[in-house]
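If you use our numbering, the sequence shown corresponds to residues -4 to 136, in order.
We put the CB at the ideal spot given by N, CA and C, even for glycine.
This structure is a prediction, so every number in the text was calculated from the model and none was measured.
For reference, the structure is listed below as structure tokens.
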Amino acid sequence: MAIFSVYVVNKAGGLIYQLDSYAPRAQAKKTFSYPLDLLLKLHDERVRVAFGQWDGIKILETDTFKMHCQQTLIGIKFVVLADRRQAGRDSLLRKIYEIYSDSALKNSFYSLEMPIRCELFDQNLKLGLEVAEKAGTFPGS
-4 MAIFSVYVVN KAGGLIYQLD SYAPRAQAKK TFSYPLDLLL KLHDERVRVA FGQWDGIKIL
56 ETDTFKMHCQ QTLIGIKFVV LADRRQAGRD SLLRKIYEIY SDSALKNSFY SLEMPIRCEL
116 FDQNLKLGLE VAEKAGTFPG S
């Protein structure tokens, strides 16, 4: 089981962090990027249609992966692409938010809309993903 990618998107819809943790052995030329802008537009339209409820897109399920999205109160969105069999994705999203608040937000050189360039965040995120992949679930789920 694997976690393919982690994305962090700011309130304005800009990609501020991307981690592709599962790379295939044969490197192919990338001609397609994930439609994060489409995801955010659908999320915003759903908010308008739902008359003030902040539900948005939580899970997008395909034949090969599941995409989970969590939006925080400050507008930051965490998106995880994982194998369909991977369990504990909700607790993993909570853990990523905890790592983000501990590593990036407590950094005096970082502001909310800036891209995340914090080595402590990278290390803790990779460690958290390793724990989640080895266990098949994240502790505490």
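The continuous stretches of beta strand (DSSP E) do not include GLU108, and DSSP gives it neither H nor E.
In the structure shown, ASP58 falls within a coil segment according to DSSP collapsed to helix, strand and coil. In this structure, the alpha-carbon of LEU120 lies about 16 Å from that of ASN102. Membership of ALA130 in the alpha helix (DSSP H) is indicated by the continuous run 114 to 130. Counting along the chain, the unbroken beta strand (DSSP E) around LEU76 starts and ends at 72 to 78.
Counting C-beta atoms within 10 angstroms of its own C-beta, MET62 has 16 or more neighbours from the protein chains shown and is therefore classed as buried. Between TYR105 and VAL3 a beta carbon distance of about 12 Å is seen, past the 8 Å cut, so the two are scored as non-contacting.
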